[in-house]
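Residue numbers (our numbering), protein chains in the order written: chain A, 140 to 472; chain B, 140 to 472; chain C, 140 to 472; chain D, 140 to 472. Taking it in order: structure first as structure tokens, then the write-up.
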């Protein structure tokens, strides 16, 4: 059984069905009926007027958002373990034409206003230093921690105070919302977030993520940047259809709850070995190399995550029956 | 009936089936079984060792190819009506970090060595002038003309003589090969082409194009550029599966032949009105505004293409029964 | 005697003296007394509030101006023979992160509103086409023609109507103003110009050009871009001092008048051979290869400018005694 | 008396004289007699064949060097307090089109192979992580420490082992060489350095730095990048003349020794307060806010450098008579 990541799981049936249903001639690019429904559908979900663009990857969503907030000569404050810093092959620098990522500390890859201030306050406001223009947080974080709405709002208030844009990388936004038990609105725009990379691919999607702008004016140039990046697929309806399927009937929440529940199951078995609290669908364990080998010998695959640690990620489609054997194997270590 | 473009047609059944079959857990990014078969499968098709990358758009394929051949301070010679110049929202400049497109003339958007030389020879070889580093041609051209292998080879020889890379934008490569009746190899690497944007989306695909490198070493950095552009989809297998379906059993050729045949049908009806010879699946007609209105009144949709011209594009799935009424309507003008 | 260009002549005495006078400790970068006087001094010259930055080259001035007006995904309309298109090694694309130069026709490299409209009107206002964001003209033009204030104003009105920025490359602005007999204000901001590359190096300066913003808010980010381009010299006072010397006592006009007079002298001798009217300090002659050789045999150096043409440029320091022998030699051809 | 920095001091007489002597017509750009002598003169100085380009700022030298070594998708390992990271307004990212600076630790801004390895070894060699392509060190460092040749050579060996380029930011290279008592060759190319930003402006120059390539092939594209950055001044001879004056008769060493001696004088007075050993011309003192105020009240100006620290920089032209009062004032604190 594979616990490497949730990013390679199958797509869920509603997504497959919806994509198949999109297989009829319609206007090209984003002029089709599916794409045109995105704004309304996501505005409903977020209880405010939003602009929503499909993109084929989370990296694309993140980087288009950053480019909308930060000029080439600016900087983006993020955690030093952020996905945008470590896992996107320099895409933020590509899309922003060389803006600088400014690395903050924070427990479990989670930022607080103090972490942000520590970075921002060290930067003299002169022409020699790159100035911060935005903050980017990941929710759930790279270590599976979840922001509560008030935690986001505290950063949002700081962003507003300093005139900084505020982006949320929500590659696992569904898991975060399912875990926090809040509304999608509470943890985003009501907390000051300007743009959200709303991830679906890890949560039962196929090839579509949503880039949601809570400040609709940010979408205007982004439409051009999306085109300029080769991301304006001519048959975009297949992507739009995936997104619509995920939000219809709250499939996104159901899938995320399933994955979170699986992780919780593991967490209970792994008590005492947890590197971080398990709040979403990722479990970081302290295991020796021998223990890791033992788990693998039993057929469980996962990534080592630094020395003495392992990362186990639960996908939306993994059932209790899939996970229980791993939980037991961990218990037996 | 819509004759706007072939870029919004449905996907063909083999593509749908193959994408559906890819809906099982596999390694992420391009580590899956489908992606791993691409090199071998396309090497077979091209009768030489090639490297093949899936990308989600033709613009992405074109621009990654250009970035592999041309430094930021260089230039790419192309036709002034080339898609990369007029229809990609500045993507070539984005991917190449500001290389310059150098615009050549040529009948029907088709280049000859003389057209290329006219551009290149006017550029002093000093540090003040941007120097050409590559040539890019479109086959079939933006006006539906098709290069014969010897025509490509003549440009390829010039490219080699001048030390220039040679890229073919093959958004409608299938239509071109079907029309020329040559092998895919003859009109590409045997004629000096270094990289091909091999289009499938317009020809019955869904969301996947192939970027084929005939100089395999060009692929190395391109893998990083693809990632850096947010184009390395985590579930790339859905894209790879589409490409494999298209080349399996020569679906790509069958689809292209069907579209070409439809265009030929129109061409016969439109004799005397043709702006360009009809060699692939595009038909450019001389029609007055009144005539265009008359066609539209009968239910045929298409783009005006400058004053007194109309563009009609036939898709792979349009049958003789679909097209005959249009042919007749044109005949009746 | 050398008539290649005015860009390699000696600096005039006031410039040398002023630079020498700046050789005392002062605040670094642009915090020194000289740099701080620029805004006031140039505001006086232009009869309105301007922001003025020193830069070490005309290319830098041009490209910073363009970057202030045009986003990476935009375009700049200019003449196809413009210096920014042909002689700056791709610097506009570098500074703008890949904006596109959109090439217009126009007699003698001079643009009219019609020339600009011919380019702009051909660009569909959709996401697939790069949209124009600015117009750039050169005054005096690359062929030595001079804009009258009303000619600039006609383009300025068009720029305003279309929401385009308006830049003037004034590498030979002094020659243009001296020739037009207008005020510096009339031919710039009063005619709708937003930014001027005010050239001094060709006109008796050493290593400093002025970038003048008539919309002061454009200067803000430009200060950061100047730094980011490595152009914020730590001893900027030597550059500021040069600019101040040039405007003090209208040295800039006196030098330009001298050069223009020399060109006029040649023009009279060359009557019948002139490719363009001589309005500033450049003379383009029709000469056969034999005639060019004859002139060179007599010790006169100059550039061939295409087949059957020669370019002769008069520098600020060339006297009638220097020029008369050339005038006579041309007369004797 | 000002001890802010050495970057605003007057130019020394040989530089002024040489620049003045360059005030005669000569070929434009870098075709003049002065520019053409650079390669030979610096090759002599470095006892090997080098290519040497003048540039108008240290930032320009650094960033052109980095762009020659690192592609847009790569990274450069440097100290987290490096000038390229903190004081160049994002210029490295501009010139490299978004390469990433990878920040290493190291006492006094000085790197060791271990510091470099700590960064490099944490980067998985996959497509998701930006890969290092170069190492950049500053000599003397941002805190005035000096590398011995063997220390540089140890990093050079690591660079070679890993296939990384090796750049030295020598804004105060003269001070470093004067301090180390080594040859310029020993601490650069013999120690594996590929490119040196050889600073003169802080050391008695006016507006010219030298970019020295020990791998001559790196100069080729750099000539184009220099042009493309607007740095190819048309009267480059004024810059070349400054460089020639500085190396003639070892003015560069004499000036640096003078500045170093001044710093040593302060260091002796400041014994016990030194934050870093004083090895070049910078002195970092532990002083309370009250003590700093006391020094300022006596007429000494300098920068605070974080809480409880002050930075004092000695310029080439400051004499013992200038410095002794400060030394005494420090002694009296």
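Each residue gets a CB set at the ideal place from its N, CA and C atoms; glycine is no exception. Computed from a prediction, not measured in an experiment: that's the story for all the values here.
For residue 182 of chain B, the secondary structure class from DSSP, reduced to helix, strand or coil, is helix. In the structure shown, the three-state DSSP call for residue 419 of chain A is coil. Shown here, residue 252 of chain A sits in a helix according to DSSP, grouped into three states. Residue 340 of chain C is positioned such that its CB atom lies no closer than 9 Å to that of residue 308 of chain C. Listed in chain order, the alpha helix (DSSP H) runs fully inside the stretch 246-306 of chain C are 252-259 and 288-301, counting runs of at least 4 residues.
A residue is called buried once 16 or more other Cβ atoms fall within 10 Å of its Cβ, and residue 195 of chain D is buried on that count. The Cβ of residue 421 of chain D sits no closer than 9 Å to any Cβ of chain C. The beta carbon of residue 242 of chain C sits closer than 6 Å to those of 219, all from its chain and outside the five residues before and after it, given in chain order. Cβ contact annotation for residue 337 of chain B (same chain, cutoff 7 Å, sequence separation greater than five): 309, 312, 348, 349 and 351, in chain order. In the three-state reduction of the DSSP assignment, residue 443 of chain C falls in the strand class, which pools E and B.
A distance below 9 Å separates the beta carbons of residue 318 of chain B and residue 418 of chain B. Among the residues facing chain D, residue 225 of chain C is not included, as its CB has no counterpart in that chain under 9 Å away. Secondary-structure assignment with DSSP links residue 241 of chain C through a beta bridge to C:216. For residue 212 of chain D, the C-beta contacts it makes with chain A under 7 Å involve 228 and 229, in order along the chain. Burial state of residue 457 of chain D is buried, judged by a 10 Å Cβ sphere holding 16 or more other Cβ atoms. Straight-line measurement puts the Cα of residue 193 of chain C at about 6 Å from the Cα of residue 378 of chain C. DSSP places residue 351 of chain D inside the beta strand (DSSP E), whose first and last residues are 348-352. Within its own chain, the residues whose Cβ lies closer than 7 Å to the Cβ of residue 161 of chain B, once the five positions on either side in sequence are excluded, are 173, 376, 377 and 380, listed in chain order. Closest by C-alpha distance to residue 153 of chain A, out of A:468, A:278, A:374 and A:385, is A:385. Counting only residues of its own chain and dropping the five nearest sequence neighbours on each side, residue 254 of chain D has a CB closer than 8 Å to the CB of 218, 243, 244 and 245. Scanning its chain for C-beta atoms nearer than 8 Å, with the 5 sequence neighbours on each side dropped, one finds around residue 342 of chain D the residues 145, 311, 313, 314, 385, 391, 394, 395, 398 and 455, in chain order. Around residue 432 of chain C, the same chain offers no residue with a beta carbon nearer than 8 Å, after the five sequence neighbours per side are excluded. Per DSSP, the continuous alpha helix (DSSP H) segment holding residue 391 of chain C begins and ends at 390-408. Contact between residue 212 of chain C and residue 363 of chain A holds, since their C-beta atoms are separated by about 5 Å, short of 8 Å. In this structure, residue 204 of chain A and residue 306 of chain A form a Cβ contact; the two beta carbons are roughly 5 Å apart against a cut-off of 8 Å. Between the alpha carbons of residue 334 of chain D and residue 182 of chain D lies a distance of about 13 Å.
For residue 215 of chain D, the closest alpha carbon among the candidates D:148, D:239 and D:300 is that of D:239.
Sorting C:437, C:400 and C:452 by C-alpha distance to the C-alpha of residue 421 of chain C places C:452 at the top. For residue 200 of chain D and residue 358 of chain D, the gap between their C-alpha atoms comes out near 12 Å. Boundaries of the alpha helix (DSSP H) around residue 359 of chain B: 357-367. Judged by their CB atoms, residue 292 of chain D and residue 331 of chain D are nearer to each other than the 9 Å cut-off. As the crow flies, the alpha-carbon of residue 268 of chain D is around 13 Å from that of residue 365 of chain B.
A residue is called buried when at least 16 other Cβ atoms come within 10 angstroms of its Cβ; residue 368 of chain A meets this threshold and is buried. In this structure residue 284 of chain C is in contact with residue 248 of chain C, their Cβ atoms being roughly 7 Å apart against a cut-off of 8 Å. In terms of beta-carbon proximity, residue 468 of chain A stays away from the interface with chain B, with every pair separated by 9 Å or more. Taking the C-beta atoms as reference points, residue 298 of chain B is found no nearer than 9 Å to residue 186 of chain B.
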